[in-house]
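Protein chains in written order, with the working numbering: chain Y, 18 to 155; chain D, 18 to 155.
Comments concern the structure below.
Protein chains: 2
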Amino acid sequence: MEQLPNMRLTTQRQIILEELGKVTSHPTANEVYDMVRKRLPRIGLGTVYRNLELMADSGIILKLEVGGTQKRFDATIEPHYHIRCTSCGKVDDIAMEVQGQINQAAERASNYIILGHHVEFSGICRECSAETIKAPLH
Amino acid sequence: MEQLPNMRLTTQRQIILEELGKVTSHPTANEVYDMVRKRLPRIGLGTVYRNLELMADSGIILKLEVGGTQKRFDATIEPHYHIRCTSCGKVDDIAMEVQGQINQAAERASNYIILGHHVEFSGICRECSAETIKAPLH
DNA sequence: GTATATATGATAAGCTTTCTTAAATGGCAT
DNA sequence: ATGCCATTTAAGAAAGCTTATCATATATAC
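Following this line, the structure appears as structure tokens:
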């Protein structure tokens, strides 16, 4: 989780970071790839993955290991929780207080040195619950 | 998350469930495959994946969507939190109280119908922290 | 300017899900 | 019970997502 001393700020990295910062959604690696490719058409998907991973390790961005098929990335690194719609798969930030005190509880309840925690809620978003009401007989 | 009415208890399903119940670790799909194959040598890896997924959807078992490369499965379905060692990747249960009240906080802070939540702590397990002390110059 | 370290893009490999086909099961009317 | 049909399942193949590997290119340090 530390900034590596010899990490260069390449064009690719800069543009990946910029594009990720433009959106408030939590794009998948492939979505980032699509955004970046408009400005760097010759970039490889592997480079996008490698750099998202590296930046997540350095703490510059957040990698969301949430439910669902694909992993997602977030330019906002202030600790915050997420909620995923089990119906459409969308992931939103949730504006609630981070429960810092549960780290101490975890420290007491385990043999681990606690580094942090992440909470993911699951639920049904407003759009999907509206869908369900409109078309309940599918 | 509901038990499907027409879900058969096939031999494959029964043995997958039995083998998963035998261990307290949180095996990956491939580890379950290895265990099951000793009793059903002709079972396909796809069948193991499909059935673990199906049983997780039905609520019979738990699918841990935690960090790391591979997903893990757990026969214990009572709500509980997990902790993952960032050094060796091991996942343990953590014996602390489930914070049910944060679901209400999440309900207030979002437009979602909250179904539940999961907490994953990250930390360094005792074995790995001992390693680090013994060999700090790697 | 040269040596060294790091990054890129292409490719391969690993993990997981989805699709297809064939077999098995359960219900229902003989 | 027997046969028929619709549904469910397994297995294997294929496709999708992610990570690792490799040769080449690029940037940094001296």
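All C-beta atoms in this analysis are idealised placements derived from N, C-alpha and C, irrespective of residue type, glycine included.
In this text, all values refer to a predicted model and were calculated from it rather than measured experimentally.
Nonlocal neighbours in the same chain, by C-beta distance under 6 Å from residue 79 (chain Y), ignoring five residues either side: Excluding sequence neighbours, residue 79 (chain Y) sits near 91 and 94.
So what does residue 136 (chain Y) bridge to, in DSSP terms? Answer is D:136, bridged to residue 136 (chain Y).
Given this structure, state the Cα-to-Cα distance separating residue 239 (chain D) from residue 137 (chain D), to the nearest angstrom. No statement about residue 239 (chain D) is possible, as the shown extent of chain D runs from 18 to 155 and does not include it.
Give me the Cα-Cα distance between residue 115 (chain D) and residue 68 (chain Y), rounded to the nearest whole angstrom. Answer to the nearest angstrom: the Cα atoms are 36 Å apart.
Under a three-way DSSP split, which group does residue 145 (chain D) fall into? Note: residue 145 (chain D) maps to helix in three-state DSSP.
Below 9 Å on C-beta distance, what does residue 109 (chain D) contact in chain Y? Within 9 Å of the CB of residue 109 (chain D), the CB atoms of chain Y belong to 127, 128 and 129, in sequence order along the chain.
Residue 116 (chain D) touches chain Y at which residues, Cβ-Cβ below 8 Å? Identification of chain Y residues near residue 116 (chain D) by a Cβ-Cβ cut-off of 8 Å yields 116 and 119, ordered along the chain.
Using the rule of at least 16 other Cβ atoms within 10 Å of the residue's Cβ for burial, across every protein chain shown, is residue 112 (chain Y) buried or exposed? When all chains shown are included, residue 112 (chain Y) counts as exposed.
For residue 39 (chain D), report the span of its alpha helix (DSSP H) as first-last. Counting along the chain, the alpha helix (DSSP H) containing residue 39 (chain D) begins and ends at 28 to 39.
C-alpha gap between residue 25 (chain D) and residue 147 (chain D), whole angstroms: Distance between residue 25 (chain D) and residue 147 (chain D), taken at the CA atoms: about 47 Å.
Among Y:43, Y:41 and Y:54, the one whose alpha carbon lies nearest that of residue 28 (chain Y): The candidate whose alpha carbon is nearest that of residue 28 (chain Y) is Y:54.
Sub-8 Å separation of residue 123 (chain Y) and residue 141 (chain D) beta-carbons: Taking 8 Å as the Cβ cut-off, residue 123 (chain Y) and residue 141 (chain D) do not qualify as a contacting pair.
Chain Y residues whose Cβ lies nearer than 9 Å to that of residue 147 (chain D): Within 9 Å Cβ-Cβ: nothing; residue 147 (chain D) doesn't reach chain Y, min ~11 Å.
Suppose you measure from the CA of residue 72 (chain D) to the CA of residue 117 (chain D); what does that come to, to the nearest Å? Straight-line Cα distance between these residues: approximately 24 Å.
Residues of the region 82 to 93 of chain D whose Cβ lies closer than 7 Å to any Cβ of chain Y, in chain order: So the list reads 82, 83 and 84, given in the order they occur along the chain.
Helix, strand or coil at residue 94 (chain D) [DSSP, three-state]: Three-state DSSP puts residue 94 (chain D) in coil, outside helix and strand.
Nearest chain Y C-beta to residue 133 (chain D) closer than 8 Å, yes or no? Yes, residue 133 (chain D) lies at the interface with chain Y (some Cβ there is under 8 Å from its Cβ).
Residue 81 (chain D), DSSP secondary structure in three states: Note: residue 81 (chain D) maps to strand in three-state DSSP.
If the cut is a Cβ gap below 9 Å, which residues of chain Y does residue 141 (chain D) touch? Those within 9 Å of residue 141 (chain D) in chain Y are 129, 130, 131 and 132.
Determine whether the beta carbon atoms of residue 75 (chain Y) and residue 109 (chain D) lie at a separation below 8 Å. It is not a contact, given that the beta carbons lie outside the stated cut-off.
From this set, Y:119, Y:58, Y:132 and Y:102, which residue's C-alpha is nearest residue 143 (chain Y)'s C-alpha? Out of Y:119, Y:58, Y:132 and Y:102, Y:102 has the C-alpha closest to the C-alpha of residue 143 (chain Y).
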